[in-house]
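Chains as they are written, first to last, in my numbering: chain A, 2 to 405; chain B, 44 to 276.
The beta-carbon is built from N, C-alpha and C at its ideal position, and this holds for glycine as well.
Given the structure is predicted, the values throughout are model-derived calculations rather than measurements.
Structure record follows, encoded as structure tokens.
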């Protein structure tokens with residue numbers, strides 16, 4: 002294979018995903034054959050040392066071209082399985098994919114998670130076409146998700162990214178993306194691969210870097226996102242540290258960009274939007290509120306130092322309400338998130354401890370949201386998230402003033 | 044009668060002569076101490092202003108020194124801590140130098156011992172300072188982790204961590220000061236071991252229900268995980 006002939010690279014980061022990766026590879030392969038039959042493509046599986054035969058499944062996954070009514074492409078997509086180096090995590094895997102894609106001279110690259118159950122060949126078209134058309138550098142995903150899913154995205158990452166950088170990217174940490182070659186080169190030139198970006202922080206970093214550096218951005222509606230349950234051992238507070246830590250770090254780095262942005266604009270969206278009936282999720286709200294109240298009782302000194310006694314007293318008053326009556330107002334939540342970003346910048350506490358101390362507050366906010374939208378439709382739940390986003394935009398002065 | 048008066052006056056004269064001989068030394072001591080205190084005060088004022096001009100506190104914020112102090116529950120400004128430390132160092136040293144001017148054998152010995160002991164004392168102070176910060180940091184980490192884990196005895200756990208580390212660092216400081224090192228090591232082993240056993244027994248007796256909940260929670264987790272929880276990312 003002459004690497005200079007490669008047009009497209011589709012990367013699949015993996016670690017012990019033998020159960021699902023066969024389906025993902027087949028969908029990618031079918032997508033490439035169906036939508037890009039005249040392009041030279043390579044599927045790069047960047048693996049973190051799986052011990053369950055993930056790599057073998059990648060090599061052996063087959064698609065029934067006749068069943069999918071596919072025209073035979075000029076050449077089949079090659080598959081490469083390569084181990085990645087550096088800090089174990091998705092970020093290091095993606096760095097390896099980018100390095101391969103740039104070395105091969107690919108014009109476009111898409112990345113899809115290896116634990117997906119709902120991926121279809123159309124995802125590949127939606128993630129790559131806007132880039133191959135030469136118009137866009139970055140394609141973010143847009144999913145139909147259950148109203149209770151993606152709570153870190155809905156309550157922190159989306160509202161704050163949107164308020165700061167002025168772009169309505171609904172899933173900034175979605176997991177599936179499309180990239181142009183010049184954007185990949187930009188990513189590879191950044192010295193961040195030894196930080197949390199190398200782990201869960203990669204998604205928010207890629208999105209923010211693309212927006213803040215003026216790359217052309219769009220989003221593509223991919224339908225429902227269903228994937229294997231996450232590893233029960235993966236700790237929520239670690240996840241929060243990596244995602245929110247990266248978000249705050251980026252807020253610091255791009256101060257000159259976000260301080261001048263005062264409006265928010267829509268981002269071009271591709272794909273046919275449709276609604277998907279999703280299974281009901283039962284949420285244990287009382288457990289979340291218990292952790293919130295434990296935080297209020299035990300983390301008082303830390304919280305007052307970060308959010309001030311006024312907002313702390315407001316929290317205390319709220320917590321006195323019965324579980325069913327408990328509500329976390331959007332105004333208070335927006336101020337709290339910004340106060341944590343300011344405390345992060347001023348190094349009031351070590352970063353890990355600071356963000357871990359946000360967790361009980363986040364659970365309180367999540368519990369409040371779940372109770373708020375429990376009997377509401379998906380659209381109404383989305384309207385609540387919109388209200389929160391507007392509050393983040395309205396309160397942005399709080400962050401900007403504290404930053405000076 | 045004259046003999047008696049001489050007998051009385053002789054010691055007084057001797058004392059007077061000794062006092063006359065001692066007076067210059069005493070005045071020298073007073074001068075050194077007063078000058079030393081004045082120097083310490085002046086240094087304090089100048090250093091305070093210089094650190095302010097140099098934005099020392101901001102530099103400490105940026106280099107995480109302030110964060111380290113906060114970890115150890117020290118909430119004073121870093122510049123104030125440094126200025127106070129320098130002031131007290133100057134004060135103690137000038138008092139000791141002043142004492143040496145008295146030229147009294149016993150005091151001279153004491154002063155010599157003080158200066159020989161100074162490195163050990165400073166090391167001990169440093170150990171206590173580091174211990175204070177480390178114990179503050181780890182007890183806070185334990186507190187946050189316990190709260191996030193939904194444990195109702197989070198504060199107790201954090202205090203236990205702080206106490207254990209305080210005992211550890213206090214023993215290290217005493218050993219550095221060479222205060223009956225064998226006794227210190229034995230006492231430390233006994234106290235530390237005792238605390239650990241006491242914690243284990245108290246948790247065993249009082250925490251049966253909690254332990255049961257933890258075990259049940261862990262066992263139930265894989266099954267309940269998907270049904271009872273949201274997807275956070």
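Spatial distance of residue i from residue j (CA atoms)
i	j	result
residue 83 of chain B	residue 124 of chain B	15 angstroms
residue 111 of chain B	residue 169 of chain B	14 angstroms
residue 300 of chain A	residue 72 of chain B	52 angstroms
residue 369 of chain A	residue 178 of chain A	31 angstroms
residue 56 of chain B	residue 63 of chain B	10 angstroms
residue 98 of chain B	residue 51 of chain A	51 angstroms
residue 223 of chain B	residue 314 of chain A	51 angstroms
residue 10 of chain A	residue 175 of chain A	19 angstroms
residue 183 of chain A	residue 138 of chain A	8 angstroms
residue 406 of chain A	residue 274 of chain A	Past the boundaries of the shown model lies residue 406 of chain A; chain A is included only from 2 to 405, so the question cannot be answered.
residue 400 of chain A	residue 342 of chain A	8 angstroms
residue 321 of chain A	residue 202 of chain A	35 angstroms
residue 335 of chain A	residue 396 of chain A	7 angstroms
residue 196 of chain B	residue 21 of chain A	41 angstroms
residue 95 of chain A	residue 332 of chain A	37 angstroms
residue 173 of chain B	residue 211 of chain B	12 angstroms
residue 189 of chain B	residue 92 of chain B	43 angstroms
residue 232 of chain B	residue 246 of chain B	21 angstroms
residue 304 of chain A	residue 358 of chain A	8 angstroms
residue 365 of chain A	residue 196 of chain A	29 angstroms
residue 241 of chain A	residue 147 of chain A	20 angstroms
residue 345 of chain A	residue 352 of chain A	6 angstroms
residue 162 of chain A	residue 209 of chain A	8 angstroms
residue 308 of chain A	residue 158 of chain A	19 angstroms
residue 119 of chain B	residue 361 of chain A	28 angstroms
residue 238 of chain B	residue 207 of chain B	8 angstroms
Residue i (DSSP reduced to helix, strand or coil)
i	result
residue 88 of chain A	coil
residue 48 of chain A	strand
residue 346 of chain A	helix
residue 161 of chain B	helix
residue 199 of chain A	helix
residue 168 of chain A	strand
residue 337 of chain A	helix
residue 234 of chain A	The pLDDT assigned to residue 234 of chain A is 46, lower than 50, so where the model puts this residue is not dependable; a value taken from the coordinates is nonetheless given after this. Looking at residue 234 of chain A - three-state DSSP - the assignment turns out to be coil, as it is neither helix nor strand.
residue 255 of chain A	coil
residue 147 of chain B	coil
Terminal residues of the beta strand (DSSP E) in which residue i lies
i	result
residue 224 of chain A	218 to 225
residue 11 of chain A	9 to 15
residue 223 of chain B	Where residue 223 of chain B is concerned, there is no enclosing beta strand (DSSP E), given that its DSSP letter is neither H nor E.
residue 178 of chain A	178 to 181
residue 144 of chain A	139 to 145
Neighbourhood of residue i by C-beta distance below 7 angstroms, restricted to the same chain and skipping five residues each side
i	result
residue 199 of chain A	87, 88, 90, 92 and 93
residue 221 of chain B	163
residue 108 of chain B	121
Residue environment, residue i, which counts as buried when at least 16 other CB atoms sit within 10 Å
i	result
residue 153 of chain A	buried
residue 287 of chain A	exposed
residue 173 of chain A	buried
residue 54 of chain B	exposed
residue 310 of chain A	exposed
residue 104 of chain A	exposed
residue 134 of chain A	exposed
residue 74 of chain B	exposed
residue 295 of chain A	buried
residue 84 of chain A	exposed
For residue i, the first and last residue of its enclosing alpha helix (DSSP H)
i	result
residue 308 of chain A	301 to 320
residue 46 of chain B	45 to 96
residue 125 of chain A	122 to 133
residue 22 of chain A	19 to 36
residue 111 of chain A	Run containing residue 111 of chain A: none in the alpha helix (DSSP H); it sits in the beta strand (DSSP E), 109 to 112.
residue 355 of chain A	352 to 357
residue 118 of chain B	Here residue 118 of chain B belongs to no alpha helix (DSSP H), and DSSP marks it neither H nor E.
residue 361 of chain A	360 to 374
Residues of its chain near residue i, where Cβ-Cβ distance is below 6 angstroms and the 5 sequence neighbours each way are ignored
i	result
residue 60 of chain B	none
residue 16 of chain A	49 and 51
residue 185 of chain B	200, 201 and 204
Own chain, CB closer than 8 angstroms to residue i, minus 5 neighbours either side, in chain order
i	result
residue 58 of chain B	none
residue 266 of chain A	167, 168 and 169
residue 134 of chain B	79, 80 and 83
residue 118 of chain A	21, 24, 227, 228 and 229
residue 233 of chain A	Because the pLDDT at residue 233 of chain A is just 46, under 50, the model does not fix this residue reliably, and the value given afterwards should be weighed accordingly. Excluding residues within five positions, none has a Cβ falling inside 8 angstroms.
residue 325 of chain A	372
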